[in-house]
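Undergrad: Handing you this structure, nothing more for now.
Residue numbers (the working numbering): 58 to 618.
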């Protein structure tokens with residue numbers, strides 16, 4: 058992440074694009090780019106008072122970009138969180154002597170606390186769980202001849218229903234009241250419980266929470282969290298429950314440490330009840346996650362989980378394998394983000410004890426809807442096949458017929474609303490681009506004179522935006538002329554523009570059609586030969602290239618080459 062950006066194209070300036078440097082650029086390369094931009098926008102380069110004042114605004118902009126990208130701490134934060142990360146509340150408390158990894162950890166904590174405070178003041182957290190028994194679909198009704206069952210024709214039954222709701226209500230910045238409740242019904246019998254709790258932020262490094270629950274059994278619990286070092290924390294929980302059978306105590310302890318940037322280690326100890334000691338190692342990257350857990354105690358088991366993250370498709374695939382003294386299971390599934398606040402999850406669980414189960418889960422905001430479906434009590438090929446492929450077919454059908462049209466309509470309405478709300482901001486960006494072009498004129502004249510003398514690179518035509526042709530003619534209502542800004546970037550008969558999320562952040566450019574796919578068409582001369590090429594908005598550009606030579610000098614097309 059290099060800049061704050063919405064999906065519809067409304068975004069803050071990308072500092073890398075502004076300086077036209079690679080995201081892995083060294084400080085030397087950033088300094089060189091800054092000097093190149095300073096030749097255009099430094100106030101001392103302009104004698105006219107009005108232009109000098111305008112140049113000062115642009116120069117401060119690129120100077121700020123230079124300072125952020127040359128500072129290793131600020132750059133690391135910007136790369137991960139964008140400009141919002143540099144403005145996070147509480148960042149001023151972070152020592153500038155800390156390493157980038159330590160600052161990022163601190164930022165994660167600060168941003169998490171901000172999000173939690175916001176969520177606590179807006180909506181409660183709830184879950185609805187409906188357990189479904191569909192074994193008759195695959196195993197058949199073995200008791201159909203028993204007169205006790207009569208002529209029962211129901212093949213799918215709801216075996217259990219559960220609703221839970223919790224609310225964290227902040228009393229002060231350090232004190233929070235917790236209220237939670239749940240009701241459930243199973244095989245015709247209902248039950249419920251109600252709990253109240255209190256959480257105290259004891260310091261910046263820890264908290265303490267106590268809870269009391271009322272229901273079929275009374276339970277009392279106390280848990281706490283403490284950050285031991287910058288990379289290590291622990292959590293303890295103790296409590297007991299009272300019912301007709303007596304008092305049941307419980308005690309657990311967990312310690313976790315960040316071993317390096319991608320690896321985390323964890324140990325957990327449970328005492329009383331089913332005692333166990335487990336060790337977990339997690340590996341986490343942007344596109345891959347994996348974990349391995351080994352547990353010894355009353356129940357011995359090992360478990361491995363692998364998650365593949367497809368960021369371009371907002372999708373995750375998960376595979377889990379577990380074996381132990383109680384049996385084994387294999388689980389695989391997929392999680393898909395369908396809207397900004399909604400996620401759907403489907404998972405198949407196949408085991409020698411639990412049979413074949415399909416678990417469907419929908420998250421919408423702070424609400425969760427869970428549908429565990431028991432397909433068969435034994436591992437049957439038919440239940441595995443239908444449980445795997447039928448939800449996928451159903452999802453694609455619903456997506457094609459319902460979700461996609463709804464999202465397109467909503468995005469269209471949202472884009473229209475933002476265009477109306479931010480019309481002044483878009484107009485200002487357009488004015489800024491026009492001013493930048495005026496400031497570039499002197500540089501462009503020198504560049505053209507220099508390139509003409511050496512038969513170098515001369516931009517003849519450049520259009521940026523939504524390039525649409527009709528009857529062979531370009532419809533230019535949604536594109537802009539960017540010949541001057543591109544010529545200003547030509548250095549020693551070369552034009553290099555690195556890959557980016559959008560080229561509209563380049564000096565002298567703006568977005569002529571927010572929310573729509575954009576391209577850049579360039580027609581240029583090099584060594585007195587005409588060239589042309591079309592690039593998509595994120596594609597890097599390097600001119601001149603032999604494949605851009607126009608075979609027919611009268612040819613002019615807008616096809617990507």
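For glycine and all other residues, C-beta sits at the position ideal for the given N, C-alpha and C.
Using the rule of at least 16 other Cβ atoms within 10 Å of the residue's Cβ for burial, across every protein chain shown, is residue 372 buried or exposed?
TA: By the 10 Å Cβ count, residue 372 comes out exposed.
Undergrad: Whole angstroms is fine: what's the gap from residue 112's alpha carbon to residue 389's?
TA: Using only the alpha carbons, I get a separation of about 58 Å.
Undergrad: Under three-state DSSP, which class holds residue 622?
TA: Past the edges of the chain, shown from 58 to 618, lies residue 622, and the structure says nothing about it.
Undergrad: Does residue 188 come out as helix, strand or coil in the three-state DSSP assignment?
TA: Residue state, collapsed to three classes: strand.
Undergrad: Starting from residue 402, trace the beta strand (DSSP E) in both directions and tell me its first and last residue.
TA: 399 to 408 is the span of the beta strand (DSSP E), which, as asked, contains residue 402.
Undergrad: Would residue 541 and residue 579 qualify as a contact pair, given that the criterion is a beta-carbon distance under 8 Å?
TA: No, they are not a contact pair.
Undergrad: State the Cα-Cα distance for the pair residue 344 and residue 136, rounded to the nearest angstrom.
TA: Going from the Cα of residue 344 to the Cα of residue 136 covers about 17 Å.
Undergrad: Quick check: what's the CA-CA separation for residue 605 versus residue 556?
TA: If I take the Cα positions, the gap works out to 19 Å.
Undergrad: How is the alpha helix (DSSP H) around residue 556 delimited, first residue to last?
TA: Element bounds for residue 556: n/a, residue is neither H nor E.
Undergrad: Can you tell me whether residue 500 is buried or exposed, with buried defined as 16 or more other CB within 10 angstroms of its CB?
TA: With 16 or more other Cβ atoms within 10 Å, it is buried.
Undergrad: Give every residue of the same chain whose Cβ lies closer than 7 Å to the Cβ of residue 269, excluding the five residues on either side of it in the sequence, and list them in chain order.
TA: Hits under 7 Å: 252, 253, 277.
Undergrad: Only counting the same chain, and skipping five residues up and downstream in sequence, which positions put a Cβ closer than 7 Å to that of residue 262?
TA: Around residue 262: 283, 284.
Undergrad: Distance check for residue 288 and residue 340, CA to CA, integer angstroms please.
TA: Each residue's Cα considered, the two are about 15 Å apart.
Undergrad: Out of 212, 246, 256, 247, state which residue places its alpha-carbon closest to the alpha-carbon of residue 231.
TA: Nearest C-alpha to residue 231: 256.
Undergrad: In the DSSP assignment, find the alpha helix (DSSP H) that holds residue 504 and state where it starts and stops.
TA: 480 to 510 is the span of the alpha helix (DSSP H), which, as asked, contains residue 504.
Undergrad: Distance check for residue 404 and residue 281, CA to CA, integer angstroms please.
TA: Near 33 Å, if we compare the C-alpha coordinates of residue 404 and residue 281.
Undergrad: Just the Cα atoms here: how many angstroms apart are residue 465 and residue 397?
TA: If you take the alpha carbons of residue 465 and residue 397, they lie about 13 Å apart.
Undergrad: Look up residue 23 in the DSSP assignment and say whether it is helix, strand or coil.
TA: Given that the chain is displayed from residue 58 to residue 618, the structure contains no residue 23 and the question cannot be resolved.
Undergrad: Indicate the three-state DSSP secondary structure (helix, strand or coil) for residue 542 in the structure shown.
TA: Residue 542: helix per DSSP, three-state reduction.
Undergrad: Check whether the region 471 to 478 and the region 432 to 447 touch, using three or more Cβ-Cβ pairs below 8 Å as the test.
TA: Judged by Cβ distances under 8 Å, the region 471 to 478 makes no contact with the region 432 to 447, as fewer than three pairs qualify.
Undergrad: Starting from the Cα of residue 96, find the closest Cα among 299, 561, 546, 377 and give me that residue.
TA: It is 546.
Undergrad: If you check the beta carbons only, do residue 392 and residue 406 fall under 8 Å apart?
TA: Cβ atoms of residue 392 and residue 406: not closer than 8 Å.
Undergrad: With a CB to CB cut of under 7 Å and the five nearest residues on each side skipped, what residues in its chain are close to residue 91?
TA: Around residue 91: 76, 119, 123.
Undergrad: Would residue 423 and residue 181 qualify as a contact pair, given that the criterion is a beta-carbon distance under 8 Å?
TA: Taking 8 Å as the Cβ cut-off, residue 423 and residue 181 qualify as a contacting pair.
Undergrad: With three or more beta-carbon pairs closer than 8 Å as the criterion, would you say the region 213 to 229 touches the region 450 to 463?
TA: Touching, no, given that fewer than three Cβ pairs across the two stretches are closer than 8 Å.
Undergrad: Would you grab the beta carbon distance between residue 596 and residue 570 for me? Rounded to a whole angstrom, and I think it's under 8 Å.
TA: The Cβ separation is near 17 Å, so there is no contact.
Undergrad: By how many angstroms is the C-alpha of residue 543 removed from the C-alpha of residue 84?
TA: Cα to Cα, the separation comes out at about 24 Å.
Undergrad: Under the DSSP definition of a beta bridge, which residues are partnered with residue 219?
TA: According to DSSP, residue 219 bridges with 186, 241.
Undergrad: Which value, in whole angstroms, describes the spacing of the CA atoms of residue 598 and residue 74?
TA: In a straight line, the C-alpha of residue 598 is about 12 Å away from that of residue 74.
Undergrad: Got a sec? Which residues, its chain only, sit under 6 Å from residue 593 by beta carbon, not counting five neighbours each side?
TA: Correct list, in chain order: 576.
Undergrad: In terms of residues, what are the limits of the beta strand (DSSP E) holding residue 119?
TA: Residue 119 -> not in any beta strand (DSSP E); alpha helix (DSSP H) instead, spanning 106 to 127.
Undergrad: Rounding to the nearest angstrom, what Cα-Cα distance links residue 154 and residue 379 in this structure?
TA: Any reading at residue 154 is ruled out, since the residue's pLDDT is 44, under 50, leaving its predicted position unreliable.
Undergrad: For residue 225, tell me which candidate among 183, 215, 191, 249 has the shortest Cα-Cα distance.
TA: Closest option to residue 225, Cα to Cα, is 183.
Undergrad: Using the beta-carbon count (16 or more within 10 Å), is residue 506 buried or exposed?
TA: By the neighbour-count rule (16 or more Cβ atoms within 10 Å), residue 506 is not buried but exposed.
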